[in-house]
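Visitor: Every letter in the sequence shown is one number past the one before it in numbering that gives the first Met the number 0, and letter 44, counting from 1, is 43.
Using N, Cα and C, we set each Cβ at its ideal position, and we do this for glycine too.
Here the structure is a predicted model, which means the values were calculated and not measured.
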Amino acid sequence: MKQNQTRVWRTLGALLCTLCLLTALALPVLAVSPTTVTKPPVTTQSPPLSEKHKQMLLVDDANLLTKSQENALRKRLVALSEQYHCDVAVVSVPGLDGVDIMNFTDDYFDYKGYGQGSNHDGILFLIAMNERKFWMTTTGFAINAFSDSDLAYMTAQMTPSLKSGNYNKAFGLFADLCAEGLRQYGNPPAVTGNAPTAPKVTSAPPKVTVEPPAVTDNNVTESVYPDWAWQPEEMEIDAAGALLAIATISVLLSLIIVLMLRRRHKSVRFASGASDCVVPGSVQITGNEQFLGTHTSRVRRPDPIDHSSGGGHSFGGGGSSTHTSSSGTSHGGGGGSF
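1) Kindly identify the DSSP beta-bridge partner or partners of His322.
2) Just grab the DSSP bridge partners of Lys132 for me.
3) So Ala61 and Met128 are in contact, right, with Cβ under 8 Å, and what is the actual spacing, rounded?
4) Out of Leu125, Ala88, His119, point me to the one whose CA is closest to Phe103's CA.
5) Which residue from Lys51, Tyr113, Leu161 puts its Cα closest to that of Lys132?
6) For Asp86, report the span of its beta strand (DSSP E) as first-last.
7) Exposed or buried, Gln115, counting other C-beta atoms within 10 Å across all chains shown (16 or more means buried)?
8) Return yes when the Cβ of Ser319 is within less than 8 Å of the Cβ of Asp147, no when it is not.
9) Below 8 Å on the Cβ atoms is my guess for Tyr113 versus Gly121; work out the distance and round it to an integer in Å.
10) Output the boundary residues of the alpha helix (DSSP H) element that contains Asp109.
11) If you reduce the DSSP assignment to three classes, tell me which class Glu221 lands in.
12) Can you tell which of Leu176, Leu243, Phe108, Tyr152 has the C-alpha that lies nearest to the C-alpha of Ser324?
13) Which residues does DSSP list as the beta-bridge partners of Asp59?
14) Exposed or buried, which one is Ile255 when buried takes at least 16 other CB atoms within 10 Å?
15) Quick test of your reading: Asp59 and Ser80, contact by CB under 8 Å. State the CB separation rounded to the nearest angstrom.
16) Secondary structure at Gly180, three-state DSSP: helix, strand or coil?
17) Can you give the Cα-Cα distance for Thr138 and Lys168, rounded to whole angstroms?
18) Would you report the Cα separation of Arg262 and Cys276, rounded to the nearest angstrom?
19) To the nearest whole angstrom, what separates the beta carbons of Phe314 and Tyr184, a pair I think is in contact under 8 Å?
Structure follows, in structure tokens:
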């Protein structure tokens with residue numbers, strides 16, 4: 000018995016030494032295998048907005064916010080506008096001077112210079128305090144990003160805060176809902192109207208080819224490398240293939256070792272029932288058990304709390320009704336009163 004165990008351990012040691020030897024032989028292959036250089040992905044950054052444009056994204060003529068609230072909200076609106084190439088603006092005015100809220104908001108957007116790119120992409124929220132009304136106007140790709148049902152959902156979300164006089168919260172909800180809607184819609188193509196155009200490259204840089212020096216003897220050109228020397232181009236072996244070979248050999252050796260250990264272990268056999276696992280006479284059951292009944296208590300599971308401003312709403316669904324403003328621009332929109 001002792002001799003058999005010694006023989007098994009000798010066999011295992013030989014297999015492990017073979018595995019180490021194969022790994023050591025594979026390391027030089029991995030060292031000289033070519034390295035693939037992956038270029039970083041080309042990302043398109045939105046053009047920075049001018050300081051005047053940044054100020055336009057929040058106009059509080061009705062004095063509804065404190066200075067600190069203005070700074071925080073404007074920073075949020077600027078970040079969204081630059082990230083999604085789409086103006087996200089908030090405007091408060093004392094009154095509409097008898098003009099319809101939709102026409103007033105559309106003209107404010109058009110004649111004040113809102114919108115990015117050739118399609119003037121943007122969404123603007125305007126609130127009129129004397130009339131207690133508000134309107135959201137959309138242009139460009141924002142018309143499709145915020146459908147009629149989306150604007151109705153946003154109206155329902157913001158109205159309670161507007162009625163309670165918490166205008167900072169209502170404007171913050173507007174910004175959060177716009178962020179969610181634009182995120183679900185996806186980034187549009189980069190704005191070309193405001194972004195500087197990169198210079199066009201008309202010719203590729205000259206290609207430099209470095210070759211090893213040659214020795215000319217009797218008009219015969221030979222490489223300076225002898226036949227036995229290391230040739231870089233001949234050693235370009237795929238690293239993935241070498242790793243796969245090592246993994247395959249390791250799995251095979253491990254399988255052989257497991258099979259050998261299993262073969263030596265004679266005490267393992269198949270058990271068809273629980274009685275095969277119990278030592279005879281070790282378990283004794285006395286008396287009878289009688290089933291009396293059951294009692295089930297039910298507790299209602301609380302609804303999950305949605306911490307996002309979007310509330311699980313799916314933006315971009317349904318259609319968007321459009322109209323033409325006095326400037327000839329196509330607008331979508333929706334709003335309400337408080």
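Guide: So, to answer that:
1) His330
2) Ala127, Ser336
3) 5 Å
4) Leu125
5) Leu161
6) 86 to 92
7) buried
8) yes
9) 5 Å
10) 100 to 110
11) Its pLDDT being 48, under 50, Glu221 is placed unreliably in this model, and the value from its coordinates should be taken loosely. DSSP places Glu221 in strand when its eight states are reduced to three.
12) Phe108
13) Ser91
14) exposed
15) Contact flag wrong, Cβ pair sits at about 17 Å.
16) helix
17) 25 Å
18) 22 Å
19) 7 Å
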